[in-house]
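In our numbering, the protein residues as written are 31 to 330. Cβ atoms here follow ideal geometry from the backbone N, Cα and C, with glycine treated the same way. What follows is one structure encoded as structure tokens, with my remarks underneath.
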Amino acid sequence: MAPPSQPGMYDNTEINTVACTEYLLHEFSNNAMTGWELTIKSNGRKIRTNLYLMDSAEIKKLSCQFFIVDDVDFGEYDKLMAGTMETKDISKIFSDMKLCGKHHNRNLYLRCVPPCQLYLEEDHRIFVQDIVEIIPLIWEKQAPKNSKRLFSDKRHFNALCRSWESEKKHLEHTIPLHEFKRILKILDCDASLVTVIEDPLSMITQEEMLQEVGFVRTCAPNLTVVMNQHQSLFFVFHNLVNGVNWRNEMCKEHVNCNAKLQTKILKLLYEIVKNKENTRFIPVLKMYKNTEIDGDWGES
Numbered sequence: 031m032a033p034p035s036q037p038g039m040y041d042n043t044e045i046n047t048v049a050c051t052e053y054l055l056h057e058f059s060n061n062a063m064t065g066w067e068l069t070i071k072s073n074g075r076k077i078r079t080n081l082y083l084m085d086s087a088e089i090k091k092l093s094c095q096f097f098i099v100d101d102v103d104f105g106e107y108d109k110l111m112a113g114t115m116e117t118k119d120i121s122k123i124f125s126d127m128k129l130c131g132k133h134h135n136r137n138l139y140l141r142c143v144p145p146c147q148l149y150l151e152e153d154h155r156i157f158v159q160d161i162v163e164i165i166p167l168i169w170e171k172q173a174p175k176n177s178k179r180l181f182s183d184k185r186h187f188n189a190l191c192r193s194w195e196s197e198k199k200h201l202e203h204t205i206p207l208h209e210f211k212r213i214l215k216i217l218d219c220d221a222s223l224v225t226v227i228e229d230p231l232s233m234i235t236q237e238e239m240l241q242e243v244g245f246v247r248t249c250a251p252n253l254t255v256v257m258n259q260h261q262s263l264f265f266v267f268h269n270l271v272n273g274v275n276w277r278n279e280m281c282k283e284h285v286n287c288n289a290k291l292q293t294k295i296l297k298l299l300y301e302i303v304k305n306k307e308n309t310r311f312i313p314v315l316k317m318y319k320n321t322e323i324d325g326d327w328g329e330s
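Take a look at the structure:
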């Protein structure tokens, strides 16, 4: 996507970033997806996931997104709960980033996922789907601008969305943080309206990995648990390869079981490593379960 020929109103704006060292993270349950709250040190803002503001039964019914909310959203939630609106309708508002942003004037947050510890020189990454949701909300919040320029920016944005779709970049796909900043500049978005927070789920699960056997993971916008490429490979070897005597021990229940299992594992590993640019976070738990229950090892 080429930059516009004319300078934009918001070329000099910058996003607000909050690293893990700039917030206090409190865990109040073993559920890494919802059992936490963080406090931003600089302004005291309380941050949680939108799932915290939803009825658990409604989460299963609705097509939910995963995004970040703060005190402003908590206050709106309390106001709605004190009124006459039904719980299911309140849950619907907080199930979708765009719908929530249209309902009340809220602060805009994105998560950025940190790089693997072995590759700290790499940039943080942001989910493509979150970007698709948040850019229209930025345009609505920022001051009015030249309608001709806005029309041109929207055309650029729609073309960008189509390119992501044509490249089959699904909900687990990401782009580096510096690329997101470039997109905001090209689309003349007021970057100062967005706060990018280092992903709390990655921090929580990283601590789990250090204290016991575990895997660094996070949640994609569609609630799928995902890992980066390196963690995905580690997960597969730990759960499917370790402890198996591939040369001497034969399965007592199925003929040629080990050979068939090896083939399935290699196919799974190929699906992970073919992501050469590491743009996609892997839904490895789902892939692992599919491999594990993919019929009878000896009969498939």
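Nearest-angstrom Cα separation, counted from residue j out to residue i
i: Thr69; j: Tyr82; result: 15 Å
i: Thr254; j: Gly38; result: 37 Å
i: Lys171; j: Leu223; result: 8 Å
i: Cys209; j: Phe96; result: Looking at the sequence itself, residue 209 is Glu, so the reference to Cys does not match. Answer to the nearest angstrom: the Cα atoms are 22 Å apart.
i: Ala189; j: Leu110; result: 37 Å
i: Ile302; j: Lys178; result: 44 Å
i: Arg212; j: Asn258; result: 23 Å
i: Glu237; j: Ala49; result: 16 Å
i: Gly244; j: Pro313; result: 16 Å
i: Phe181; j: Phe187; result: 10 Å
i: Asn252; j: Leu92; result: 11 Å
i: Leu296; j: Phe264; result: 14 Å
i: Tyr40; j: Lys294; result: 51 Å
i: Glu67; j: Gln292; result: 42 Å
i: Val143; j: Lys90; result: 25 Å
i: Thr248; j: Cys191; result: 23 Å
i: Gly65; j: Ile234; result: 10 Å
i: Thr114; j: Asp108; result: 12 Å
i: Leu207; j: Ala289; result: 42 Å
i: Ala250; j: Asn42; result: 30 Å
i: Val246; j: Asp119; result: 34 Å
i: Leu315; j: Leu298; result: 11 Å
For residue i, three-class secondary structure by DSSP
i: Arg179; result: helix
i: Asn46; result: strand
i: Val243; result: coil
i: Tyr53; result: strand
i: Glu228; result: strand
i: Asp220; result: coil
i: Arg78; result: strand
i: His203; result: strand
i: Thr64; result: coil
i: Phe157; result: strand
i: Val85; result: Looking at the sequence provided, one finds Asp at residue 85 rather than Val. In this structure, Asp85 counts as coil in the three-state DSSP scheme.
i: Met115; result: coil
i: Met39; result: coil
i: Leu315; result: helix
i: Leu190; result: helix
i: Leu92; result: coil
i: Asp126; result: coil
i: Thr235; result: helix
i: Arg136; result: coil
i: Thr254; result: coil
Buried versus exposed, by CB contacts within 10 Å (16 or more), residue i
i: Gly74; result: exposed
i: Tyr53; result: buried
i: Arg185; result: exposed
i: Ser335; result: Past the edges of the chain, shown from 31 to 330, lies residue 335, and the structure says nothing about it.
i: Glu163; result: buried
i: Phe311; result: buried
i: Tyr300; result: exposed
i: Gly131; result: buried
i: Lys215; result: buried
i: Ser330; result: The predicted position of Ser330 is uncertain, since its pLDDT is 31 and thus under 50; a value taken from the coordinates is nonetheless stated next. Exposed is the call here.
i: Asn80; result: buried
i: Glu195; result: exposed
i: Glu106; result: buried
Option nearest residue i by Cα separation, candidates the options
i: Ile77; options: His268, Met257, Cys94, His56; result: His56
i: Asp160; options: Asn269, Gly38, Met127, Asn46; result: Met127
i: Ile205; options: His268, His154, Gly65; result: His154
i: Met317; options: Thr293, Leu291, Val266; result: Val266
i: Val256; options: Lys122, His203, Leu298, Leu207; result: His203
i: Ile45; options: Thr248, Ile165, Leu270; result: Ile165
i: Cys4; options: Thr248, Ala112, Phe181, Phe124; result: Because the chain here runs from 31 to 330, residue 4 falls outside it and cannot be looked at.
i: Thr225; options: Phe58, Ile295, Ser72, Trp66; result: Ser72
i: Ser86; options: Ser121, Asn61, Ser59; result: Ser121
i: Arg141; options: Glu106, Phe157, Asp220; result: Phe157
i: Cys219; options: Lys118, Leu129, Ser59, Ile168; result: Ile168
CB contact check: residue i to chain B, cutoff 7 Å
i: Phe210; result: Here chain B cannot be found, since the structure has a single protein chain.
Q) With a cut-off of 8 Å, do at least 3 Cβ pairs link the segment 98-116 to the segment 131-139? A) yes
(Q) Counting beta carbon pairs with one atom in the segment 214-230 and one in the segment 265-274, are three or more of them shorter than 8 Å? (A) no
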